[in-house]
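**Student:**
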Amino acid sequence: MLDEADIQLHADRIRDDGYTVIEGAAAPALVEGLKQALERIEREHNLGPAKTSFEGFKTVRINNLLTYDDIFWEVPLHENVLPVVEHVLDKECLLSSFCSLVLGPGQEAQPIHEDTQLIPLPRPHIPITLNAIWALSDFRDDNGATRIIPGSHKFPSSPEYGKDYDAVTATMAAGSVMLFDSALWHGGGANTSDGRRFAFSCAYCWGWMRQQENLQLGIPHETARRFPRRLQELCGYSVYKGQFGHIDNHDPIELLGRERGKRMVWEATDVRKARMAEAAKQ
0 MLDEADIQLH ADRIRDDGYT VIEGAAAPAL VEGLKQALER IEREHNLGPA
50 KTSFEGFKTV RINNLLTYDD IFWEVPLHEN VLPVVEHVLD KECLLSSFCS
100 LVLGPGQEAQ PIHEDTQLIP LPRPHIPITL NAIWALSDFR DDNGATRIIP
150 GSHKFPSSPE YGKDYDAVTA TMAAGSVMLF DSALWHGGGA NTSDGRRFAF
200 SCAYCWGWMR QQENLQLGIP HETARRFPRR LQELCGYSVY KGQFGHIDNH
250 DPIELLGRER GKRMVWEATD VRKARMAEAA KQ
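Sequential numbering of the sequence shown, starting at 0, is according to numbering that gives the first Met the number 0.
1) Assuming contact is defined by CB atoms lying nearer than 7 Å, are G17 and H220 in contact in what I supplied?
2) Run through the DSSP bridge pairs and tell me what S136 is partnered with.
3) Quick check: L135 and F179, are their CB atoms within less than 7 Å of each other?
4) Would the beta-carbon of R146 fall within 7 Å of that of A173?
5) Alpha carbon to alpha carbon, how far is I218 from E277?
6) Among the residues of its own chain, which have a CB less than 6 Å from the CB of F138, if the five just before and after it don't count?
7) Could you pull the start and end residues of the alpha helix (DSSP H) that M275 belongs to?
8) Could you give the first and the last residue of the continuous beta strand (DSSP E) run that contains L37?
9) Using the Cα positions of L94 and W207, report the straight-line distance between them to the nearest angstrom.
10) According to DSSP, simplified to helix, strand and coil, what is T285?
11) On the DSSP bridge assignment, give the partners of D68 in chain order.
12) Taking V101 as the reference, give the member of K280, L65 and L33 with the closest Cα.
13) Quick one, are the C-beta atoms of Y203 and C92 less than 7 Å apart?
14) What would DSSP say about D193, mapped onto helix, strand or coil?
15) According to DSSP, what are the bridge partners of D180?
16) Assuming L129 and V84 form a contact by the criterion Cβ under 8 Å, report the distance between their Cβ atoms to the nearest whole angstrom.
17) Where do the N-terminal and C-terminal ends of the beta strand (DSSP E) with A202 fall, by residue?
18) Which whole-angstrom value is the C-beta distance of G103 and T58, which I expect to be below 8 Å?
19) By the DSSP assignment, the beta strand (DSSP E) with L94 in it spans what residues?
20) Bridge partners of Y18, per DSSP?
21) So the alpha helix (DSSP H) G217 belongs to, where does it begin and stop?
22) How far does the alpha helix (DSSP H) with P82 in it extend, from its first residue to its last?
23) Do A273 and G241 have their beta-carbon atoms positioned less than 7 Å apart in this structure?
24) Please determine, among A223, E31 and F71, the residue with the shortest C-alpha to C-alpha distance to S200.
25) Along the alpha helix (DSSP H) that carries T222, what are the first and last residues, could you check?
26) Per the DSSP calculation, V167 is bridged to which residue(s)?
27) Would you please state the rounded distance, in angstroms, between the beta carbons of Q231 and I252? I believe it to be under 8 Å.
28) According to DSSP, simplified to helix, strand and coil, what is H77?
29) Out of curiosity, what's the CA-to-CA distance linking G187 and R271?
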């Protein structure tokens, strides 16, 4: 598990370079279990490559992963990744999207892009989304390792779509996780090898943002009820700063059977005032 110094180091790298690599973040047994689960789900559900060039005609992307197997629950909650995300964003952040990225042989390189360019904010801006790329295979030059342009999160504009850029290949061993500011210019590499490259994209956003995946509707309630509480909160069964996301002044986590959620900010204010008045009497 990362200590405070490690968390700060990775957060500083994201601030300065736009990305960091947490080497050996996931244990080999977990990595192997995740790969086997992906292969089994592809077979059982007859899932094939994506249908658009950006997503990759030879890339299998499985969305809404939390509904397929309990082993995937470990990814958004991982003790070597989530603390860094919470340090850069805050502890009320949300899971924005979580999908597999399995590149088959012959997959062409993805255009260089950044993940926040459709949001109307002037660049550069604070990190609003962090993406964790989990390497379930060794990321190599020849099998589609992600290409990045360090420091590009500070550029005043987004990349020109389809233009070639001088990028760095983010090679890393299986079990490592690259965590980056989603304003960083990046793109999947070309897989010129004869094997598949397994990976996850697990993105987080601020609690005041709309998630990329609508997890509250996409995940059946009976499945979400079994999640650990922190995963329920990450999926949106939570209220940001006691104000944003409530249902009739109640924390939506109560819909999953939790007895008590967070107080709304206005209720918390009255509770605080009452405590101060009581203390003044003593």
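Ideal placement from N, C-alpha and C gives every residue a C-beta, glycine not left out.
**Tutor:** Based on what the coordinates show:
1) no
2) The partner list for S136 (beta bridge, DSSP) is empty, contrary to what the question assumes.
3) no
4) no
5) 44 Å
6) A144, T170 and M171
7) V264 to K280
8) Careful: L37 lies outside any beta strand (DSSP E), inside the alpha helix (DSSP H) at P27 to H44.
9) 12 Å
10) Because the chain in this structure spans residues 0 to 281, residue 285 falls outside the shown range and cannot be described.
11) Looking at the DSSP assignment, D68 forms no beta bridge with any residue, so it has no partner.
12) L33
13) yes
14) coil
15) L129
16) 5 Å
17) A198 to C204
18) 7 Å
19) L93 to S99
20) F179
21) L214 to G217
22) L81 to V87
23) no
24) F71
25) H220 to A223
26) I147
27) 6 Å
28) coil
29) 50 Å
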